[in-house]
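Visitor: Take this structure, written in structure tokens, and hold onto it; I'll ask about it next.
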């Protein structure tokens, strides 16, 4: 068995990129092992199944999103436009890593092929993102409006990420930022 050259985090990041590029179905354990530069046997030693690997990736992704983006939205740390712009810049950086795209969104399109545990994890990540938006908007708006804007903002980001990926044009994300900043300006 070829020794692993990469740390666990590097394996998870490379595997996440593979899932992001090819989706769940097209990512065989062989393709994932190749992306991580390890033998298939060594890969199976650490990850007995694709689902086990994917759950670790989603846990790492969720932690990163919470620390880098969601927490920026849920703590009142600056003027609303500055705070949201900071969260937006972090989101663009995160979703642009490797190839443009949202792994959670990409995997959601294959929901019917995923285990219940993986689907539950995807739903939790989206739930936390929506809650972060809602907490942010509640600093400045009433609860009903905040809930509505949180749902719209999550849908806008996912749509913008999808279109940016498809058309290789990140201006879709800029439009989401502009819309939310305009909403904050009238609040």
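In UniProt numbering, the protein residues as written are 1 to 187.
From the three backbone atoms N, C-alpha and C, an ideal C-beta is built for every residue, glycine too.
Taking the alpha-carbon of residue 38 as reference, which of 7, 130 and 109 has the nearest alpha-carbon?
Guide: Your numbering for residue 38 matches position 38 in the chain shown. Measuring from the Cα of residue 38, the nearest candidate turns out to be 7.
Visitor: Would you identify the three-state DSSP class for residue 159, choosing helix, strand or coil?
Guide: Taking the chain shown and counting its residues from 1, the one referred to as residue 159 is at position 159. In the structure shown, residue 159 sits in a helix (DSSP, three-state: H, G or I).
Visitor: Going residue by residue through the UniProt domain "HTH tetR-type" (5-65), where are the continuous alpha helix (DSSP H) segments of at least 4 residues, counting only ones entirely within it?
Guide: The UniProt domain "HTH tetR-type" (5-65) contains these whole alpha helix (DSSP H) runs: 8-26, 29-35, 40-46 and 50-65.
Visitor: Three Cβ pairs or more, each shorter than 8 Å: is that satisfied between the segment 32-48 and the segment 87-99?
Guide: No contact exists between the segment 32-48 and the segment 87-99.
Visitor: Where residue 24 and residue 104 are concerned, what is the direct C-alpha to C-alpha distance, given to the nearest angstrom?
Guide: Against the chain shown, residue 24 aligns to sequence position 24. Against the chain shown, residue 104 aligns to sequence position 104. Cα to Cα, residue 24 sits roughly 11 Å from residue 104.
Visitor: Less than 7 Å between the beta carbons of residue 163 and residue 157, yes or no?
Guide: Along the chain shown, one-based indexing puts residue 163 at 163. Along the chain shown, one-based indexing puts residue 157 at 157. No Cβ-Cβ contact shorter than 7 Å links residue 163 with residue 157.
Visitor: Thinking C-alpha only, which one of 78, 22, 74 and 52 is nearest residue 129?
Guide: Working through the chain shown from its first residue, we reach residue 129 at position 129. The residue from 78, 22, 74 and 52 with its alpha-carbon nearest to that of residue 129 is 74.
Visitor: With distances taken from CA atoms, which of 61, 108, 159 and 140 is nearest residue 220?
Guide: Residue 220 lies beyond the range of the chain shown here (1 to 187); nothing can be said about it.
Visitor: Take residue 188 as the anchor and find which of 54, 133, 169 and 160 has the nearest alpha-carbon.
Guide: There is no way to answer for residue 188, as the model of the chain reaches only from 1 to 187.
Visitor: Tell me the residue span of the alpha helix (DSSP H) that contains residue 127.
Guide: Position 127 of the chain shown, counting from 1, holds the residue named residue 127. Per DSSP, residue 127 belongs to the alpha helix (DSSP H) from 116-138.
Visitor: For a quick check, are the C-beta atoms of residue 72 and residue 86 less than 7 Å apart?
Guide: Locating residue 72 in the chain shown gives position 72, where the first residue counts as 1. Locating residue 86 in the chain shown gives position 86, where the first residue counts as 1. Yes; because the gap between Cβ atoms is below 7 Å, this pair is in contact.
Visitor: Whole angstroms are fine: how far does the CA of residue 51 sit from the CA of residue 18?
Guide: Here residue 18 corresponds to residue number 18 of the chain shown, with the count starting at 1. Here residue 51 corresponds to residue number 51 of the chain shown, with the count starting at 1. Going by the C-alpha atoms only, they are around 14 Å apart.
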